[in-house]
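Have a look at the structure below, then the notes.
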């Protein structure tokens, strides 16, 4: 089997309108830059033709029946064949044809490369007002709790070195916070780079649930801050 250098991983749930666009961009990126890679789709229980389209376009498709963003990505990390993994949403809000900033940082030895949409640019209508306020607030809490140079805790486009991945347990959207916490806890190198965010190309409501998902992130941060204080008091 040919050695795979880079896995471009996309969790997918009912995204037949955009998954093909994202796969084509990802494959074009690999070909243009002469990178030995694969496009891996983790179908998280789609009821449409997302998996069929992905397979027909040459992506590798695995199924994760247990719903949840974290469940899909943990399965993807396990299945990925690449030394490096760049993962992102396949709703066409991120540009998979321009991944060099991520790939270059991974090759420099950064275990986690995080995107920052507030530095890279957010297309009009791509992010709700509540998220424009909520994401910086939760990111501020995360930075204070984990002492990391990350300003966009919820960016959906990230890169990781597979061998450096910590043990991850979250099943839902709080996975985005957990992975930063776990890398920080293990003292791994992290970098944040500007990333653009486009409008969701599916033309239907997002999978995100602002209040519910926000509280999941908040509770995750709170839980580990309390645990840290308890451990410090016992030491």
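Numbering (the numbering used here), first residue to last: 179 to 413.
By construction, the Cβ of each residue, glycine as well, lies at the ideal position given by its N, Cα and C atoms.
{"query": "For a minimum of 3 consecutive residues, which ranges assigned as the beta strand (DSSP E) are wholly contained in the segment 304 to 371?", "result": "335 to 339"}
{"query": "How far does the alpha helix (DSSP H) with residue 282 in it extend, from its first residue to its last?", "result": "278 to 285"}
{"query": "Under a Cβ-count criterion, where at least 16 other Cβ atoms within 10 Å of its own Cβ denotes burial, should residue 243 be classed as buried or exposed?", "result": "exposed"}
{"query": "Do you know offhand how far residue 373's Cα is from residue 280's?", "result": "10 angstroms"}
{"query": "Using 8 angstroms as the cut-off, can you tell me whether the segment 189 to 203 makes contact with the segment 269 to 280, which would need three or more C-beta pairs spanning the two stretches below that distance?", "result": "yes"}
{"query": "Classify residue 213 as helix, strand or coil using the three-state DSSP reduction.", "result": "coil"}
{"query": "DSSP has residue 163 in a bridge; who is on the other side?", "result": "Missing from the structure shown is residue 163; the chain here goes from 179 to 413 and no further."}
{"query": "In whole angstroms, what is the alpha-carbon distance linking residue 257 and residue 208?", "result": "19 angstroms"}
{"query": "Exposed or buried, residue 234, counting other C-beta atoms within 10 Å across all chains shown (16 or more means buried)?", "result": "exposed"}
{"query": "Below 8 angstroms on the Cβ atoms is my guess for residue 255 versus residue 186; work out the distance and round it to an integer in Å.", "result": "About 13 angstroms; that fails the 8 angstroms criterion."}
{"query": "Considering only DSSP beta bridges, list what residue 190 is partnered with.", "result": "221"}
{"query": "Counting along the chain, where does the alpha helix (DSSP H) carrying residue 291 start and finish?", "result": "Note, residue 291: premise wrong, no alpha helix (DSSP H); beta strand (DSSP E) at 290 to 294."}
{"query": "Check whether the Cβ of residue 329 sits closer than 7 angstroms to any heavy atom of the ligand SAM, and report yes or no.", "result": "Absent from the structure shown: the ligand SAM. Ligands present: none."}
{"query": "For the alpha helix (DSSP H) containing residue 233, name the first residue and the last one.", "result": "228 to 234"}
{"query": "Excluding five sequence neighbours on each side, which residues of the same chain lie with their C-beta closer than 6 angstroms to the C-beta of residue 227?", "result": "194"}
{"query": "Which residue from 200, 321, 369, 397 puts its Cα closest to that of residue 292?", "result": "369"}
{"query": "To which residues of the same chain is residue 335 closer than 6 angstroms at the C-beta, ignoring the five residues directly before and after it?", "result": "266, 272, 293, 373"}
{"query": "Would you tell me roughly how many angstroms separate the C-alpha atoms of residue 353 and residue 288, rounded to the nearest one?", "result": "19 angstroms"}
{"query": "DSSP has residue 196 in a bridge; who is on the other side?", "result": "Answer is none; residue 196 lacks a bridge partner."}
{"query": "Let me know the secondary structure DSSP gives residue 272 once reduced to three states.", "result": "coil"}
{"query": "If you count every other CB in all the chains shown that lies within 10 Å of the CB of residue 203, and 16 or more means buried, which is it?", "result": "buried"}
{"query": "Rounding to the nearest angstrom, what Cα-Cα distance links residue 323 and residue 222 in this structure?", "result": "31 angstroms"}
{"query": "In or out: residue 337 buried (at least 16 other Cβ within 10 Å) or exposed?", "result": "buried"}
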